[in-house]
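Have a look at the structure below, then the notes.
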Amino acid sequence: DAKTTQPPSMDCAEGRAANLPCNHSTISGNEYVYWYRQIHSQGPQYIIHGLKNNETNEMASLIITEDRKSSTLILPHATLRDTAVYYCIVRVGDSGYALNFGKGTSLLVTP
Amino acid sequence: GAVVSQHPSRVICKSGTSVKIECRSLDFQATTMFWYRQFPKQSLMLMATSNEGSKATYEQGVEKDKFLINHASLTLSTLTVTSAHPEDSSFYICSARDATSGYNEQFFGPGTRLTVL
Chain B
1 DAKTTQPPSM DCAEGRAANL PCNHSTISGN EYVYWYRQIH SQGPQYIIHG
51 LKNNETNEMA SLIITEDRKS STLILPHATL RDTAVYYCIV RVGDSGYALN
101 FGKGTSLLVT P
Chain Z
112 GAVVSQHPSR VICKSGTSVK IECRSLDFQA TTMFWYRQFP KQSLMLMATS
162 NEGSKATYEQ GVEKDKFLIN HASLTLSTLT VTSAHPEDSS FYICSARDAT
212 SGYNEQFFGP GTRLTVL
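These protein sequence lines map, in sequence, to chains B and Z. Taking our numbering, the leading residue of the first sequence gets 1, the next gets one more, and so forth. Taking our numbering, the leading residue of the second sequence gets 112, the next gets one more, and so forth.
So this is what it looks like as structure tokens:
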């Protein structure tokens, strides 16, 4: 799996957009970018994934640069319940192997 | 859909006893389940991969005789911590892979907090 780099922590005001960056400069052509988050004392929750096109679902948007070396997860209107650790994981789409969690970004949404 | 449950959510036991944790996929069949462990302020660490009907594959440094994994059906995997000691106190999380999804989406259980006194 390609290695990912994320800032250790970020703050965001409630109601504003939270933009979480991820660098994955060694990503291979068949590797997807996955985002999960973990709210304190809960299991991780799947957010979104993408290969090269931008993706959007009810939770977030994923913007992947054209060279695919970095991506940004966008929470359009952050709420206090979005406070969590966010993990960016690069993975072959259907490898069947476990997810390799790095240290992630601890996002704090403040009132 | 794609719900994974774990039982119990929290357990406290005495040193030397064994504890069984169940992981169930409620609305899909999981040919593969994974067990992770998470110590305070650390990330999830994979312990083992469990495939239905076969022996689990353990990560380096994880004692297979201490952490017994059984995956007897497509919806249930169990982790038994044998002769638990205080250093086994941790947050244990399972995940299940929906083999039909094609995108390696994995769905996680809510976790089990184990405290060994």
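Cβ coordinates follow ideal geometry from the N, Cα and C atoms, glycine included. Small disclaimer: the values here were computed from a predicted structure and weren't measured.
One alpha carbon belongs to glutamine 42 of chain B, the other to serine 116 of chain Z, and they sit about 12 angstroms apart.
When Cβ-Cβ separations below 8 angstroms define contact, proline 119 of chain Z makes no contact with chain B. CA-CA distance, threonine 79 of chain B to serine 194 of chain Z, rounds to 43 angstroms. Neighbours of serine 154 of chain Z in chain B, taken as residues at a C-beta separation under 7 angstroms, are given in chain order as Phe101, Gly102, Lys103 and Gly104. Residues of the same chain with a CB within less than 7 angstroms of the CB of isoleucine 204 of chain Z, apart from the 5 flanking positions on each side, are Tyr147, Gln149, Leu155, Phe219, Gly220 and Gly222 in chain order.
Taking CB atoms only, glutamine 6 of chain B has no neighbour in chain Z less than 8 angstroms away.
In chain order, Trp146, Met158, Ala159, Tyr169, Leu190, Thr191, Val192 and Thr193 place their CB closer than 8 angstroms to the CB of phenylalanine 178 of chain Z, counting only its own chain and leaving out the 5 sequence neighbours on each side. With contact defined as three or more Cβ pairs closer than 8 angstroms, the region 101-111 of chain B and the region 127-141 of chain Z are not in contact. When beta bridges are read from the DSSP output, valine 90 of chain B appears opposite B/Val33. Listed along chain Z are Ile204, Phe219, Gly220, Pro221 and Gly222, each with a C-beta nearer than 7 angstroms to that of glycine 43 of chain B.
For alanine 60 of chain B against isoleucine 74 of chain B, the beta-carbon gap comes to about 6 angstroms, under 8 angstroms, which counts as contact. If you draw a straight line from the Cα of valine 114 of chain Z to the Cα of asparagine 181 of chain Z, it is about 20 angstroms long.
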